[in-house]
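Chains as they are written, first to last, in numbering that gives the first Met the number 0: chain A, 0 to 427; chain B, 0 to 427.
Worksheet: the structure to be examined is printed underneath.
Protein chains: 2
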Amino acid sequence: MAVQTVASTTDSTVDLGPAAALSCRECGHRVPLGPVFACEECFGPLEIAYDFSAYDAEELRKRIEAGPANIWRYAPLLPVPADVATKPNINPGWTQLVKADNLARELGVDAGKLFIKDDSGNPTHSFKDRVVAQALEAARAFGFTTLSCSSTGNLAGAVGAAAARAGFRSCVFIPHDLEQGKVVMAAVYGGELVGIEGNYDDVNRFCSELIGDPAGEGWGFVNVNLRPYYAEGSKTLAYEICEQLGWQLPDQIVVPIASGSQLTKIDKGLQELIKLGLVEDKPYKIFGAQAEGCSPVSVAFKAGHDVVRPQKPNTIAKSLAIGNPADGPYVLDIARRTGGAVEDVTDEQVVDAIKVLARTEGIFAETAGGVTVGVTRKLIENGVLDPTKTTVVLNTGDGLKTLDAVAGTGLTATIRPNLDSFREAGLA
Amino acid sequence: MAVQTVASTTDSTVDLGPAAALSCRECGHRVPLGPVFACEECFGPLEIAYDFSAYDAEELRKRIEAGPANIWRYAPLLPVPADVATKPNINPGWTQLVKADNLARELGVDAGKLFIKDDSGNPTHSFKDRVVAQALEAARAFGFTTLSCSSTGNLAGAVGAAAARAGFRSCVFIPHDLEQGKVVMAAVYGGELVGIEGNYDDVNRFCSELIGDPAGEGWGFVNVNLRPYYAEGSKTLAYEICEQLGWQLPDQIVVPIASGSQLTKIDKGLQELIKLGLVEDKPYKIFGAQAEGCSPVSVAFKAGHDVVRPQKPNTIAKSLAIGNPADGPYVLDIARRTGGAVEDVTDEQVVDAIKVLARTEGIFAETAGGVTVGVTRKLIENGVLDPTKTTVVLNTGDGLKTLDAVAGTGLTATIRPNLDSFREAGLA
Numbered sequence: 000m001a002v003q004t005v006a007s008t009t010d011s012t013v014d015l016g017p018a019a020a021l022s023c024r025e026c027g028h029r030v031p032l033g034p035v036f037a038c039e040e041c042f043g044p045l046e047i048a049y050d051f052s053a054y055d056a057e058e059l060r061k062r063i064e065a066g067p068a069n070i071w072r073y074a075p076l077l078p079v080p081a082d083v084a085t086k087p088n089i090n091p092g093w094t095q096l097v098k099a100d101n102l103a104r105e106l107g108v109d110a111g112k113l114f115i116k117d118d119s120g121n122p123t124h125s126f127k128d129r130v131v132a133q134a135l136e137a138a139r140a141f142g143f144t145t146l147s148c149s150s151t152g153n154l155a156g157a158v159g160a161a162a163a164r165a166g167f168r169s170c171v172f173i174p175h176d177l178e179q180g181k182v183v184m185a186a187v188y189g190g191e192l193v194g195i196e197g198n199y200d201d202v203n204r205f206c207s208e209l210i211g212d213p214a215g216e217g218w219g220f221v222n223v224n225l226r227p228y229y230a231e232g233s234k235t236l237a238y239e240i241c242e243q244l245g246w247q248l249p250d251q252i253v254v255p256i257a258s259g260s261q262l263t264k265i266d267k268g269l270q271e272l273i274k275l276g277l278v279e280d281k282p283y284k285i286f287g288a289q290a291e292g293c294s295p296v297s298v299a300f301k302a303g304h305d306v307v308r309p310q311k312p313n314t315i316a317k318s319l320a321i322g323n324p325a326d327g328p329y330v331l332d333i334a335r336r337t338g339g340a341v342e343d344v345t346d347e348q349v350v351d352a353i354k355v356l357a358r359t360e361g362i363f364a365e366t367a368g369g370v371t372v373g374v375t376r377k378l379i380e381n382g383v384l385d386p387t388k389t390t391v392v393l394n395t396g397d398g399l400k401t402l403d404a405v406a407g408t409g410l411t412a413t414i415r416p417n418l419d420s421f422r423e424a425g426l427a
Numbered sequence: 000m001a002v003q004t005v006a007s008t009t010d011s012t013v014d015l016g017p018a019a020a021l022s023c024r025e026c027g028h029r030v031p032l033g034p035v036f037a038c039e040e041c042f043g044p045l046e047i048a049y050d051f052s053a054y055d056a057e058e059l060r061k062r063i064e065a066g067p068a069n070i071w072r073y074a075p076l077l078p079v080p081a082d083v084a085t086k087p088n089i090n091p092g093w094t095q096l097v098k099a100d101n102l103a104r105e106l107g108v109d110a111g112k113l114f115i116k117d118d119s120g121n122p123t124h125s126f127k128d129r130v131v132a133q134a135l136e137a138a139r140a141f142g143f144t145t146l147s148c149s150s151t152g153n154l155a156g157a158v159g160a161a162a163a164r165a166g167f168r169s170c171v172f173i174p175h176d177l178e179q180g181k182v183v184m185a186a187v188y189g190g191e192l193v194g195i196e197g198n199y200d201d202v203n204r205f206c207s208e209l210i211g212d213p214a215g216e217g218w219g220f221v222n223v224n225l226r227p228y229y230a231e232g233s234k235t236l237a238y239e240i241c242e243q244l245g246w247q248l249p250d251q252i253v254v255p256i257a258s259g260s261q262l263t264k265i266d267k268g269l270q271e272l273i274k275l276g277l278v279e280d281k282p283y284k285i286f287g288a289q290a291e292g293c294s295p296v297s298v299a300f301k302a303g304h305d306v307v308r309p310q311k312p313n314t315i316a317k318s319l320a321i322g323n324p325a326d327g328p329y330v331l332d333i334a335r336r337t338g339g340a341v342e343d344v345t346d347e348q349v350v351d352a353i354k355v356l357a358r359t360e361g362i363f364a365e366t367a368g369g370v371t372v373g374v375t376r377k378l379i380e381n382g383v384l385d386p387t388k389t390t391v392v393l394n395t396g397d398g399l400k401t402l403d404a405v406a407g408t409g410l411t412a413t414i415r416p417n418l419d420s421f422r423e424a425g426l427a
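Written out as structure tokens, the structure reads:
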């Protein structure tokens, strides 16, 4: 289903490259490309269907390799116009795939087999830049002039920054009583930053109301009415990992789960590369990672359920704290189909994993990175993840945004400014 | 002087690629490569002399373009072994050169002529990753096992991260009473983090003492005994800017001044590219940027002095707050020789410039980036910088590390979660 050849049903005024139509993930119903996200037949989620029929594998690979050092090198595989790299956008991606031999030693993985895909190198230091950059191109194609979202963290910064660069108005909605630091990170880009008197659910409810109202005309909510386009940005993680491994599939990938969308799109990206002949087909396993304090998918996986029972989140991994993840059932499918698993770790294990990753590889991860590294350790200890196989662990954010998680870290010694004091402290 | 062909005086056990010797910037005295930084004849600063005699311009350009997307693409021009990219290091560089058309409009620069070199995309989000990565390779070549520095900010993180990745012990010295947030950013990498009872001057004095003592054996202080190597890392900014402009020199570059080293090495890098035939020779102007509260070089420039009179720093741009900049006189030389200038802006202008850059280009800069953007604006208003010429402005750090500077930024509106309240606030 991921790679489809279709008669074009595209609105002729919309140029989004190889994107041919929107297709319902549940019933397959197709509609022309537009700012819609739910199937009119069955209310299932819409996703992009592509026409990749003209591609020759060797030519495509060369074209990608000659492209820019950002996600637009994959423009032929994304819902964007061919000249996307020339337009003002935040240009995320092509982040480092770090060979993590020190961490491998610590976790008992074979040397040369463990990699961290470090998305803290993106412009606003989280993977959200990938999906927002993608949503912005859709917004441009549909003639929207305001880019919007509800958020309490990474997404707010990504939307603010991308809108500023591209000359869009931005309007980000947040609960009115958010911590001052988070407000500053969202406010600095100069767009509208609107505090809503209420909690995060109230914010989301209000946004849905706004989309259905004439007041919301011309507004692109990146993860609502632009969601099918937005979500495709996560495919670029799969593309980059394979290209950086020398056009090979990894054996195992550990992906954080918030809504679950990222994990499903990584699988979609890998499937596309196989079908296009850019990588050799072989089995791979996808593992999902959650914090125990928000582990609805992990709980469902372990119980053998096909549906996900919502939870009320209570974890320091706030960027993953979605209690009712929309793509949960699809995540369960993929983990089971590929022979992977979904696992969770405690907040204490998250903090410990952040420190282990920083100490071994010099990568200061957000709490979400602590979740994936912590889950990787647990999966190895439980014999679920094979430490002899090529394994890629995602770090999707930056520790500077969640300093509180490691606030206990501090000086290892205090001395007077002389050599005697230095020697006494045992530092020589 | 920048590009020299020499008979090798290199210690035969040290492979640092094209680096042939250390040469005194003042008297030209040459010594073999080693962990020394001051001339034994005249106490002048030592810098790297290269043997670039074997290079053919066209071949070199192709070799660089085929290299990795980090500073090691320039390995043939740096004091590193040819296989440097295969060794564990932090691998900074190849950061975005952002065409800043929105900022250009705001500052009155011609469209397509203004660029931001955004070094916040480096692994620990400042340009310090470039110089530390370089110092680390020298430390490896000299058999050091501990990487060290004194720092109150960016350098601490860069040293901690690079040492962790490369398997060095690290020991970072800071004043014992630093703010908790800065301590956490330095401590998370798990090396020794030693608080010194005293102020920053006491810390530096102690480090000098340690280098001269047996207790400091095997210790590489990145910006003291490894300084000649460390400093060369800044050349990569010049290389990247030219390559990203299509192998062309910019007409004007605006560079922040702390010690002044970065500015002098950018000039050295540009001169090398000209002499190697990688760019066409043409005049360029280098402008230095300081905060008014620490403006010793700017004051000397305006007064027509050749020497720099030390100041006691008092500015929010703490990463630039060096009151007695070692390379100040060389900066004055370069600014005058190239027809550039040195200018300073108030803290208020720094904050305003941070906001302008974020609002127009979606780049959240550290205070140092506010200094360069603020100075660029002032130089244009004063008719010193030509708004019709290709101009590159450096952003060397990340706003997440200096959140306090923009702490006043906040919500643009607060509303109740309904459309009436939304309309009343004039947001539609």
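No residue lacks a Cβ here, since even glycine has one placed at the ideal position from N, Cα and C.
From 129/B, 389/B, 396/B, pick the residue whose C-alpha is nearest to that of residue 114/B; which is it?
For the purposes of this step, residue 114/B is identified with residue 115 of the second sequence, where counting begins at 1. Ranking the options by Cα distance to residue 114/B, first place goes to 389/B.
Are the CB atoms of residue 383/B and residue 286/B nearer to each other than 9 Å?
Looking up residue 383/B in the second sequence gives position 384. Looking up residue 286/B in the second sequence gives position 287. Contact flag set, yes.
Alpha carbon to alpha carbon, how far is residue 293/A from residue 314/A? Give it in angstroms, no decimals.
Numbered from its first residue, the first sequence carries residue 314/A at position 315. Numbered from its first residue, the first sequence carries residue 293/A at position 294. Between residue 314/A and residue 293/A, the C-alpha separation is close to 7 Å.
From 393/B, 82/B, 74/B, 109/B, residue whose alpha carbon lies closest to that of residue 379/B:
Numbered from its first residue, the second sequence carries residue 379/B at position 380. It is 109/B.
Got a sec: is the Cβ-Cβ distance from residue 363/B to anything in chain A below 9 Å?
Here the question's residue 363/B lines up with position 364 in the second sequence. So yes, residue 363/B belongs to the interface.
DSSP three-state call for residue 24/A: helix, strand or coil?
Working through the first sequence from its first residue, we reach residue 24/A at position 25. Coil.
Please confirm whether residue 376/A and residue 189/B have their CB atoms less than 9 Å apart.
By one-based count along the first sequence, residue 376/A stands at place 377. By one-based count along the second sequence, residue 189/B stands at place 190. No. Outside cutoff.
Taking the alpha helix (DSSP H) that residue 70/B belongs to, which residues open and close that run?
As a first step, residue 70/B must be located in the second sequence, where it is residue number 71. Where residue 70/B is concerned, there is no enclosing alpha helix (DSSP H), given that its DSSP letter is neither H nor E.
Residue 41/B: which of 175/B, 332/B, 129/B, 24/B sits nearest, CA to CA?
Locating residue 41/B in the second sequence gives position 42, where the first residue counts as 1. Ranking 175/B, 332/B, 129/B, 24/B by Cα distance to residue 41/B puts 24/B first.
Every unbroken alpha helix (DSSP H) inside the segment 232 to 302 of chain A [4 residues or more]
234 to 243, 260 to 274, 295 to 302
Which term fits residue 297/A, buried or exposed, when burial requires 16 or more other beta carbons within 10 angstroms of its beta carbon?
Within the first sequence, the letter at position 298 stands for residue 297/A. Residue environment for residue 297/A: buried (at least 16 other C-beta atoms within 10 angstroms of its C-beta).
If you reduce the DSSP assignment to three classes, tell me which class residue 154/A lands in.
Against the first sequence, residue 154/A aligns to sequence position 155. In the displayed model, residue 154/A falls within a helix according to three-state DSSP.
What is the residue span of the alpha helix (DSSP H) that residue 330/A lies within?
Counting from one through the first sequence, the residue named residue 330/A turns up at place 331. Where residue 330/A is concerned, the enclosing alpha helix (DSSP H) stretches over 327 to 337.
Would you call the segment 203 to 223 of chain A and the segment 345 to 358 of chain A touching, i.e. three or more CB-CB distances under 8 Å?
With a cut-off of 8 Å, the segment 345 to 358 of chain A and the segment 203 to 223 of chain A do not count as touching, because too few Cβ pairs lie within range.
Simplified DSSP state of residue 324/B, which is helix, strand or coil
Sequence index remark: in the second sequence, residue 324/B carries index 325 (1-based). Reduced to three states, the DSSP call for residue 324/B is coil.
Nearest-angstrom beta carbon gap, residue 48/B and residue 19/B [assumed within contact, 8 Å]
Position 20 of the second sequence, counted from the first residue, corresponds to residue 19/B. Position 49 of the second sequence, counted from the first residue, corresponds to residue 48/B. Yes, residue 19/B and residue 48/B are in contact; Cβ-Cβ is about 5 Å, under 8 Å.
Alpha carbon to alpha carbon, how far is residue 412/A from residue 140/B?
Walking along the first sequence from the start, residue 412/A turns up at place 413. Walking along the second sequence from the start, residue 140/B turns up at place 141. Approximately 29 Å, taken between the alpha carbons.
Going by C-alpha to C-alpha distance, which of 153/B, 194/B, 90/B sits closest to residue 170/B?
By one-based count along the second sequence, residue 170/B stands at place 171. Here the closest residue by C-alpha is 194/B.
Can you list, in chain order, the stretches of the beta strand (DSSP E) that have 3 or more residues and sit fully within the segment 91 to 148 of chain B?
Entirely contained in the segment 91 to 148 of chain B, the beta strand (DSSP E) runs reaching 3 residues are, in chain order, 96 to 98, 113 to 117.
Sequence-distant residues of the same chain with beta carbon closer than 8 Å to residue 423/B, five excluded per side
The residue you call residue 423/B lines up with position 424 of the second sequence. The answer, listed in chain order, is 414.
For a test of the three-state rule: what should DSSP assign to residue 379/A, helix, strand or coil?
Here residue 379/A is taken as the residue at index 380 of the first sequence, counted from 1. Per DSSP, reduced to three states, the secondary structure at residue 379/A is helical.
Please name the residue in 84/A, 235/A, 146/A whose C-alpha comes closest to that of residue 222/A.
Within the first sequence, the letter at position 223 stands for residue 222/A. Considering only alpha carbons, the answer is 146/A.
Per DSSP, residue 414/A forms a beta bridge with which residues?
Position 415 of the first sequence, counted from the start, is the residue given in the question as residue 414/A. Looking at the DSSP assignment, residue 414/A forms a beta bridge with 195/B.
In angstroms, rounded to a whole number, what distance separates the CA positions of residue 335/A and residue 31/A?
Position 336 of the first sequence holds residue 335/A. Position 32 of the first sequence holds residue 31/A. Cα-Cα distance, rounded: 32 Å.
Rounded to whole angstroms, what is the Cα-Cα separation between residue 16/A and residue 281/A?
Stepping through the first sequence from its first residue, residue 16/A is reached at position 17. Stepping through the first sequence from its first residue, residue 281/A is reached at position 282. Cα to Cα, the separation comes out at about 29 Å.
Roughly how many angstroms lie between the CA atoms of residue 1/A and residue 391/A, to the nearest whole one?
Within the first sequence, residue 1/A is the residue found at index 2, counting from 1. Within the first sequence, residue 391/A is the residue found at index 392, counting from 1. Legend: pLDDT at residue 1/A = 36, less than 50; position of this residue unreliable, value from coordinates given subsequently. Rounded to the nearest angstrom, the two C-alpha atoms are 22 Å apart.
So is residue 118/B in contact with chain A if we call contact Cβ pairs under 9 Å?
Within the second sequence, residue 118/B is the residue found at index 119, counting from 1. So no, residue 118/B is outside the interface.
Counting only Cβ pairs nearer than 9 Å, list the residues of chain D close to residue 322/B.
Reference to chain D is not applicable here, since the protein chains of this structure are A and B.
If you measure between the beta carbons of residue 295/A and residue 324/A, is that distance less than 9 Å?
Locating residue 295/A in the first sequence gives position 296, counting from the first residue. Locating residue 324/A in the first sequence gives position 325, counting from the first residue. Yes. Within cutoff.
Close Cβ partners of residue 65/A (< 6 Å) along its chain, the five nearest in sequence each way excluded
If you number the first sequence from 1, residue 65/A lands on position 66. Answer for residue 65/A: no residue qualifies.
As assigned by DSSP and simplified to three states, the class of residue 206/B
In the second sequence, residue 206/B corresponds to position 207, counting from 1. Of the three classes helix, strand and coil, the one that applies to residue 206/B here is helix, per DSSP.
Sorted by chain position, which residues of the same chain lie with C-beta nearer than 7 Å to residue 226/B's C-beta, five sequence neighbours on each side aside?
Looking up residue 226/B in the second sequence gives position 227. Scanning its chain for C-beta atoms nearer than 7 Å, with the 5 sequence neighbours on each side dropped, one finds around residue 226/B the residues 36, in chain order.
Which of helix, strand or coil DSSP assigns to residue 364/B
In the second sequence, the residue the question calls residue 364/B occupies position 365. Residue 364/B: strand per DSSP, three-state reduction.
To which residues of the same chain is residue 278/A closer than 7 Å at the C-beta, ignoring the five residues directly before and after it?
Position 279 of the first sequence, counted from the start, is the residue given in the question as residue 278/A. 241, 246, 247, 248, 272, listed in sequence order.
Along the segment 136 to 158 of chain A, where does the CB come closer than 7 Å to a CB of chain B? Name the residues.
Against chain B - using a Cβ distance shorter than 7 Å - the segment 136 to 158 of chain A contributes no residues.
If you measure beta-carbon to beta-carbon, which residues of the segment 395 to 417 of chain B are closer than 8 Å to chain A?
397, 398, 399, 400, 402, 405, 406, 408, 409, 410, 411, 412, 413, 414, 415, 416, 417
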